[in-house]
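Inspection log for the structure reproduced underneath, given as structure tokens.
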Ligand SMILES: [Zn+2]
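Residue numbers (this note's numbering): 51 to 106.
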């Protein structure tokens, strides 16, 4: 059975956003687009393990 896309609401309109995939073969939806104001949210489940090394 296909996975149901997670539900997100637009922070501006408050309506349900359309779930999208950045890649057609992606297993999970990682983008959400508001059909009303076209706000796009990129879901990042795992943040980058980027060290804050600001010592130039
Ligand atoms: Zn919206």
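Positions of the beta carbon are idealized from the N, C-alpha and C atoms, including for glycine.
Residue i beta carbon near ligand 1 (any heavy atom closer than 7 Å)
i: residue 90; result: no
Proximity below 8 Å, CB of residue i to CB of residue j
i: residue 79; j: residue 69; result: yes
i: residue 94; j: residue 60; result: no
Cβ of residue i within 8 Å of any chain B Cβ
i: residue 57; result: Annotation note: the requested chain B is absent from the structure, which comprises a single protein chain.
Proximity to residue i [Cα-Cα], best of the options
i: residue 54; options: 71, 64, 62, 63; result: 71
i: residue 87; options: 73, 64, 74; result: 64
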